[in-house]
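The opening position of the sequence shown corresponds to residue 8 in our numbering, with each subsequent residue numbered one higher.
For every residue, glycine included, the Cβ atom is placed at its ideal position computed from N, Cα and C.
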Amino acid sequence: MKYTLEDYNQNAVLKIHWTLFITLLYLLKHYLLAIIPFSYQIPLLGVIIRDAIPKNILDMVYQYSTLLLLSSCLPALLIAIIALKRRSLKAPQSPNFYRWSWRHGRILLLSSVILELMLIGWYLGSGKKHFNEFMLLIIYLDIMVIFFIARSQRVRDIFSQYPKTEEEEWQLSLTKNTLLAYQNYLDIELFTQHRAEALKKIETLSEDIWQQAQQEHSIEAYQRYLDLPITHKKHRYEANQRLEQLTAQLHQPINSE
């Protein structure tokens with residue numbers, strides 16, 4: 008599946024897509040439903056809820072939510088908390104538990120849904136709850152969520168990405184060994200351990216490109232050197248001089264005999 012730059016956040020990992028965001032809200036529904044009884048204590052909000060939602064629906068919703076069903080939301084709550092951490096600038100410093108949980112995010116979300124369905128089955132089988140339209144809707148939505156989480160490639164890709172630690176990012180830079188890779192490392196302000204070494208690597212690669220430019224001795228080669236993020240002041244001056252000379256020669260009229 009192909010993504011655009013807009014699909015990535017400031018930590019260079021895929022953003023939480025709106026479909027996954029809605030899914031997380033749905034999986035946290037028991038916490039939201041638990042708030043409804045307390046909302047009646049707020050005068051204006053209580054009036055709005057009573058006017059907007061019929062009493063029989065409110066009764067079904069209130070009777071449906073229990074402490075056991077609240078516990079089924081815990082895996083989804085953990086993922087929601089990590090999702091907020093994942094988009095912050097300090098995400099690379101996250102503990103290993105966050106990283107492990109995120110890599111297993113799909114399993115945790117599926118466990119949240121399956122646990123709810125099992126509890127519904129237990130309530131119905133034990134006669135502690137009676138089947139109604141609201142419960143039917145929940146079962147239907149749970150099944151849809153299972154299919155979505157299990158089949159969505161975007162969801163799979165999102166949970167496969169978590170901002171790298173400083174050491175992981177540095178090792179990746181060494182593997183690529185390009186100016187862009189080292190520059191990306193330097194652009195992350197939290198990373199300081201290998202900063203001096205990264206600057207040295209950039210300087211070395213920049214010198215290599217300068218030597219190549221001298222060998223090629225072409226407009227494209229010198230321009231390529233000047234476009235580098237870090238260049239030697241002396242070489243930059245010399246590159247500009249040679250670029251001007253080559254450009255002037257290119258536009259110099261040819262004398263005919």
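Buried is the label assigned to residue 176, since at least 16 other Cβ atoms lie within 10 Å of its Cβ. In this structure, DSSP gives residue 169 a state outside helix and strand, which the three-state scheme calls coil.
With fewer than three CB-CB distances shorter than 8 Å, the segment 93-109 does not count as touching the segment 28-43. Short of 6 Å from the beta carbon of residue 219, and not among the five residues preceding or following it, lies no beta carbon of its own chain. Rounded to the nearest whole angstrom, the CA to CA distance from residue 12 to residue 153 is 29 Å. For residue 231, the uninterrupted alpha helix (DSSP H) run begins and ends at 226-233, by DSSP.
With a contact defined as Cβ atoms closer than 8 Å, residue 216 and residue 232 qualify at about 5 Å.
DSSP places residue 245 in the uninterrupted alpha helix (DSSP H) bounded by 240-258. According to DSSP, residue 77 shares a beta bridge with no other residue. When the Cα atoms are used, residue 255 and residue 245 turn out to be separated by approximately 15 Å.
Contact between residue 169 and residue 106 holds: their C-beta atoms lie close to 5 Å from each other, under 8 Å. With fewer than 16 other Cβ atoms inside 10 Å of its own Cβ, residue 138 counts as exposed.
Under the 8 Å Cβ criterion, the segment 69-83 counts as touching the segment 120-131, having at least three qualifying pairs. If you compare the alpha carbons of 30, 224, 209 with that of residue 183, the shortest gap goes to 209. Taking C-beta atoms under 8 Å as the contact rule, residue 99 and residue 173 qualify, at a distance of about 6 Å.
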